[in-house]
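A.B. asks: Quick one: the structure is below, questions incoming.
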Amino acid sequence: MLTSDRRGFLKGTAASLVVAGFTGAARVAAAQTGGPKMKPTAQDVLLVIDVQNCFTPGGSLAVKEGDQIIPLINRLATGFEHVVLTQDWHTPGHVSFASSHPGKKPFETTQLPYGTQVLWPDHCVQGTPGADLHKDLRIPHAELIIRKGYRKQMDSYSAFYEADGKTPTGLTGYLKDRGLNQVFLVGLATDFCVAWSAMDARKAGFGALVIEDACRGIDADGSLAKAWKDMLGAGVKRIKSSDLAV
Ligand code: VGL
Ligand code: ZN
Numbered sequence: 002m003l004t005s006d007r008r009g010f011l012k013g014t015a016a017s018l019v020v021a022g023f024t025g026a027a028r029v030a031a032a033q034t035g036g037p038k039m040k041p042t043a044q045d046v047l048l049v050i051d052v053q054n055c056f057t058p059g060g061s062l063a064v065k066e067g068d069q070i071i072p073l074i075n076r077l078a079t080g081f082e083h084v085v086l087t088q089d090w091h092t093p094g095h096v097s098f099a100s101s102h103p104g105k106k107p108f109e110t111t112q113l114p115y116g117t118q119v120l121w122p123d124h125c126v127q128g129t130p131g132a133d134l135h136k137d138l139r140i141p142h143a144e145l146i147i148r149k150g151y152r153k154q155m156d157s158y159s160a161f162y163e164a165d166g167k168t169p170t171g172l173t174g175y176l177k178d179r180g181l182n183q184v185f186l187v188g189l190a191t192d193f194c195v196a197w198s199a200m201d202a203r204k205a206g207f208g209a210l211v212i213e214d215a216c217r218g219i220d221a222d223g224s225l226a227k228a229w230k231d232m233l234g235a236g237v238k239r240i241k242s243s244d245l246a247v
């Protein structure tokens with residue numbers, strides 16, 4: 002039952018709760034799935050991270066089951082007025098590529114001026130098919146595509162700040178200018194670009210919720226468990242698509 006008490010308890014949660022207009026049957030359905038669902042508002046934005054050919058099966062840095070989330074992302078997107086996409090967008094010979102460091106292999110690390118860098122297979126090179134958004138991604142109403150990682154000497158997992166933690170991509174300003182204050186994240190990879198973007202969203206003052214079943218991770222060396230721990234510590238909320246009324 003949605004007593005006023007329960008409403009009070011839930012007041013701080015994201016998005017608006019679908020309360021008014023529930024039929025008896027809908028109310029029961031909501032109760033069975035663990036309570037009322039969140040409905041995205043006009044101040045919420047869905048941030049779709051790096052759903053690109055390189056990160057899906059057949060790509061050079063393929064994330065396991067990376068293509069399986071695409072139908073879910075397409076459906077979730079219909080429930081959001083505002084959607085922003087990102088594209089990992091590296092120069093040839095990018096500093097994050099193992100091939101740019103003689104003697105190094107993919108998934109090893111190296112020290113760079115901004116910190117420890119994991120070295121990757123070549124991926125998402127500007128203007129190549131691998132950098133294209135996946136052909137099954139269908140979000141025609143997306144309002145912005147933000148590219149990142151385009152400086153040869155600096156990586157950017159995050160959609161908000163490059164790997165030095167201070168060079169802005171411009172997304173913070175864009176969202177603030179448009180009055181958007183809360184970000185729902187989906188896409189690839191949970192433990193790298195999704196996690197860094199979610200934590201930086203908090204750092205920039207936004208609410209951040211990761212829809213976990215609409216993400217897939219790389220999980221190199223325990224990175225997935227660490228990413229969730231770090232995200233929760235930064236105030237990122239971990240939700241499921243079934244928590245949303247979309
Ligand atoms: C990503 C590794 C390297 C990602 C991008 O999208 O998570 N991961 N570049
Ligand atoms: Zn990259």
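When the letters of the sequence shown are read in order and numbered with our numbering, they come out as residues 2 to 247. Ideal Cβ positions, reconstructed from N, Cα and C, are used throughout, including at glycine. On a predicted model such as this, the values are computed, not experimentally measured, just so you know.
Hey, how far is the Cα of residue 82 from the Cα of residue 46?
C.D. replies: The straight-line gap from Cα to Cα measures roughly 7 Å.
A.B. asks: For residue 250, does the count of other Cβ atoms within 10 angstroms reach 16, so buried, or fall short, so exposed?
C.D. replies: Residue 250 cannot be examined here, being either before or after the span of the chain that is shown, 2 to 247.
A.B. asks: Where does residue 174 land, buried or exposed, given buried means 16+ other C-beta within 10 angstroms?
C.D. replies: By the 10 Å Cβ count, residue 174 comes out exposed.
A.B. asks: Quick test of your reading: residue 171 and residue 44, contact by CB under 8 Å. State the CB separation rounded to the nearest angstrom.
C.D. replies: Residue 171 to residue 44, Cβ: 19 Å. No contact.
A.B. asks: Report yes or no: do three or more beta-carbon pairs, one from the segment 187-201 and one from the segment 142-160, lie closer than 8 Å?
C.D. replies: Because the criterion of three Cβ pairs below 8 Å is met, the segment 187-201 and the segment 142-160 touch.
A.B. asks: So for residue 239, helix, strand or coil by DSSP?
C.D. replies: Here residue 239 sits in strand by DSSP.
A.B. asks: Between residue 124 and residue 61, how many whole angstroms is the CB-CB distance? I'm expecting something under 8 Å.
C.D. replies: That pair is a contact at about 5 Å.
A.B. asks: State the DSSP-derived secondary structure class of residue 245, mapped to helix, strand or coil.
C.D. replies: Three-state result, residue 245: strand.
A.B. asks: Considering Cα atoms alone, identify which of 184, 141 and 231 is closest to residue 207.
C.D. replies: With distances taken between Cα atoms, residue 207 lies closest to 184.
A.B. asks: Hey, out of 167, 168, 213 and 164, whose CA is closest to residue 186's CA?
C.D. replies: When only C-alpha atoms are compared, the closest one is 213.
A.B. asks: Assess, as a yes-or-no matter, whether the segment 84-93 is touched by the segment 144-155 under the definition of 3 or more beta carbon pairs within less than 8 Å.
C.D. replies: Yes, the segment 144-155 is in contact with the segment 84-93.
A.B. asks: Quick check: does the Cβ of residue 189 come within less than 7 Å of any heavy atom belonging to the ligand VGL?
C.D. replies: Within the cutoff, so yes.
A.B. asks: I need the boundaries of the beta strand (DSSP E) containing residue 147, first residue and last residue.
C.D. replies: Residue 147 -> beta strand (DSSP E) spans 145-149.
A.B. asks: Quick one: what's residue 217 bridged to in DSSP?
C.D. replies: Paired residues: 189.
A.B. asks: Determine the DSSP secondary structure at residue 156, reduced to helix, strand or coil.
C.D. replies: Of the three classes helix, strand and coil, the one that applies to residue 156 here is coil, per DSSP.
A.B. asks: Based on the DSSP output, what are the partners of residue 208 in its beta bridges?
C.D. replies: Answer by DSSP bridge pairing, in chain order: 183.
A.B. asks: Taking only runs of the beta strand (DSSP E) that begin and end inside the segment 103-135, which ones reach a length of at least 3 residues, in chain order?
C.D. replies: Taking only runs of at least 3 residues, the beta strand (DSSP E) segments lying wholly in the segment 103-135 are 110-113 and 116-119.
A.B. asks: Taking the straight line between their C-alpha atoms, what separation do you get for residue 189 and residue 67?
C.D. replies: C-alpha separation (whole angstroms): 7 Å.
A.B. asks: For residue 138, report the span of its beta strand (DSSP E) as first-last.
C.D. replies: From DSSP, residue 138 is part of no beta strand (DSSP E); its letter is neither H nor E.
A.B. asks: If I follow the unbroken beta strand (DSSP E) through residue 47, where does it start and stop?
C.D. replies: First-last of the beta strand (DSSP E) with residue 47: 45-50.
A.B. asks: I'd like to confirm something about residue 51: is its beta-carbon nearer than 7 Å to some heavy atom of the ligand VGL, or not?
C.D. replies: Yes, the beta carbon of residue 51 sits closer than 7 Å to at least one heavy atom of the ligand VGL.
A.B. asks: Taking 6 Å as the limit between beta carbons, can you name the residues of its chain near residue 32, skipping five residues before and five after?
C.D. replies: Below a pLDDT of 50, predicted positions are generally treated as unreliable, and residue 32, at 47, falls in that range; the measurement from the model is reported next regardless. Excluding positions up to five away in sequence, the list is empty.
A.B. asks: Count the other CB atoms, across all protein chains shown, that sit within 10 Å of the CB of residue 86; report buried if there are 16 or more and exposed otherwise.
C.D. replies: With 16 or more other Cβ atoms within 10 Å, it is buried.
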